[in-house]
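Engineer:
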Amino acid sequence: MTDSDDNARRAARAYGLQAETIATLWLRARLYTILDRNYRIKDGEIDIVARRGRTIAFVEVKARGDLEDAFIAITPQKQRRITRAANRWVATHPWAMNYTLRADAIFVAPGKLPRHLENAFELGVA
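Residue numbers (the working numbering): 19 to 144.
1) Tell whether a beta-carbon distance below 9 Å holds between I92 and A68.
2) Can you give me the start and stop residues for the alpha helix (DSSP H) that A127 sits inside?
3) Helix, strand or coil, according to DSSP, for L49 in the structure here?
4) Spatial neighbours of R27 within its chain, please: C-beta separation below 6 Å, excluding the five flanking residues on both sides.
5) Run through the DSSP bridge pairs and tell me what E63 is partnered with.
6) Where does E78 land, buried or exposed, given buried means 16+ other C-beta within 10 angstroms?
7) Could you check whether the stretch 33 to 41 touches the stretch 62 to 76, counting it as contact only if at least three pairs of C-beta atoms, one from each stretch, sit closer than 8 Å?
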C-alpha cells in the first residue's frame, strides 16, 4: 500500500466519522436518545442505535458526494451485516424486544441537510 492509498483511506474514515457525528446530532435534534455508536461484531456493524418513544432504530449512515449515491451504497450484503449486528445487539439488550425495531438510514452529502429515511430496509430481527 502506498502513502497516498493510506492517506486516502484515512481521509475517507475521517469523512465517515464526521458524517456519523452529523447524523447523531440530527437524531438528537429530533428527540432520539443515542443508545450505542459503532456497535461491531465479527460479521456486522451498526453505526448508530437510537430510541425515540417505543421505537429503536438501527441506523446506517452513508456519506457520499451525492445523496442518491449514498442510498445505493446500502447493498443487500450490507443489509444482512446490519441485521446480524442488530440481532446480536437485541440479544444483549433483551428489554429491546418490547420496542418496535426498525432499520433506518441517514444520508449525508456536502452542502445538503441530512436525509433520514425511516424503514430504509426490512430488518430481520428474531
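Glycine included, C-beta positions come from ideal geometry on N, C-alpha and C.
Remember, predicted model here, so these are calculated numbers, not experimental data.
Structural biologist: A quick look at the data gives this:
1) For the purposes of this step, residue 92 is taken as residue 74 along the sequence shown, with counting starting at 1. For the purposes of this step, residue 68 is taken as residue 50 along the sequence shown, with counting starting at 1. Result no, Cβ atoms of I92 and A68 do not sit closer than 9 Å.
2) Along the sequence shown, read from residue 1 onward, the residue named residue 127 stands at position 109. No alpha helix (DSSP H) contains A127, which DSSP labels as neither H nor E.
3) For the purposes of this step, residue 49 is identified with residue 31 of the sequence shown, where counting begins at 1. DSSP, reduced to helix, strand and coil, places L49 outside both helices and strands of the structure shown, so it counts as coil.
4) Indexing the sequence shown from 1 puts residue 27 at position 9. In its chain, beyond the 5 residues on either side, no residue has a beta carbon closer than 6 Å to the beta carbon of R27.
5) Taking the sequence shown and counting its residues from 1, one reaches residue 63 at position 45. The partner list for E63 (beta bridge, DSSP) reads R58.
6) Taking the first residue of the sequence shown as 1, we reach residue 78 at position 60. Buried, because 16 or more other Cβ atoms sit within 10 Å of the Cβ of E78.
7) In this structure the stretch 33 to 41 touches the stretch 62 to 76; the number of beta carbon pairs closer than 8 Å is three or more.
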